[in-house]
Ligand SMILES: [Cu+2]
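Numbering (the working numbering), first residue to last: 1 to 222.
Written out as C-alpha cells, the structure is:
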C-alpha cells in the first residue's frame, strides 16, 4: 500500500511556493511545459535502454548489429534529443523580453538581499528592499544586476532564473496572471547568507498600486 503512495508523495513536492511545476503565469507555463517535454524525452530513452537490456537477456535473435547500433542506439536517441532541443529553442524564443513597452523594474542584488527600484506613482524612483511589486496581468521586464558577487534572480512560479552579474545588466521577463504573492530567491551560491537571500514578489491589481509605490519621497522601505 505504501508503495502505491510513493508517486503521490513525490508529486506533492512539486506543489510548493517555490515550484517551477506550479506556474502562475504564461512565461513559467512555457518553462514548465519544457520541463515535462524533457522528462518525456528522458523517459523514452530510458525505456529504449531498458528494452534493449531486456532483449539482451532473451534468446539470441537474428538481427544485424548495425540495426541495433545505428537504428536504435543512434537515430532513436538523436530523434528524441533533436525534438527536445527544438522544444527548448521554441520556448527560449517565446519567453525572450521584447521592446514592447513593458513595465521595467531594476533588481540590484547584494550580499545578502535585493534592492528593487521602479518609478513610483509620481514618476520618482521608489526603492523597496526584499519586496518586489509588479502589476498583475502585464509583462514586466526585470533588469538584474549585482553589487558584489554573482547572484541569480528567480521567481520559480513566474519565470526562469537569470544571473545577477556585477557591471552587467540582464533582462528577464515576468508575467503574473492574477494578483497575489510569490516567493523569490537567489539561485546562485553567493556566500554564507545565500540560503536566506529570499524576497517576496507581490503582484497587485492593475491600477491599484500598493502604498509602498505611492509614497512621494522614494524612501527605502524596510
Ligand atoms: Cu545566492
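Quick reminder that beta carbons are idealized off the backbone N, C-alpha and C, glycines included. Everything numeric in this text was worked out from a predicted model, so none of it was measured.
Following a CB-centred definition, is residue i positioned closer than 8 angstroms to any heavy atom of ligand 1?
i           : result
residue 188 : yes
residue 112 : yes
residue 152 : yes
residue 108 : no
residue 191 : yes
residue 197 : yes
residue 182 : no
Output the boundary residues of the alpha helix (DSSP H) element that contains residue i.
i           : result
residue 93  : 77–94
residue 211 : 211–214
residue 169 : Run containing residue 169: none; DSSP gives neither H nor E here.
residue 129 : It is not in any alpha helix (DSSP H) - residue 129 instead sits in the beta strand (DSSP E) that spans 125–129.
residue 154 : From DSSP, residue 154 is part of no alpha helix (DSSP H) but of the beta strand (DSSP E) over 151–154.
Report the CB separation of residue i from residue j in whole angstroms; it is logged as a contact under 8 angstroms.
i           : j           : result
residue 264 : residue 104 : With the chain running from 1 to 222 in the structure shown, residue 264 is simply not present.
residue 109 : residue 164 : 4 angstroms
residue 206 : residue 136 : 6 angstroms
Mind checking who residue i pairs with in its DSSP beta bridge?
i           : result
residue 202 : 133 and 181
residue 26  : Residue 26 pairs with nothing; no bridge assigned.
residue 108 : 115 and 145
residue 163 : 152
Counting along the chain, where does the beta strand (DSSP E) carrying residue i start and finish?
i           : result
residue 241 : With the chain covering 1 to 222 only, the question about residue 241 has no answer from this structure.
message: Could you check whether the segment 27–41 touches the segment 77–91, counting it as contact only if at least three pairs of C-beta atoms, one from each stretch, sit closer than 8 angstroms?
response: Using a C-beta cut-off of 8 angstroms, the segment 27–41 makes contact with the segment 77–91, since at least three inter-stretch Cβ pairs fall below that distance.
At least three beta-carbon pairs within less than 8 angstroms, the segment 40–55 to the segment 188–200: Verdict: no, contact absent.
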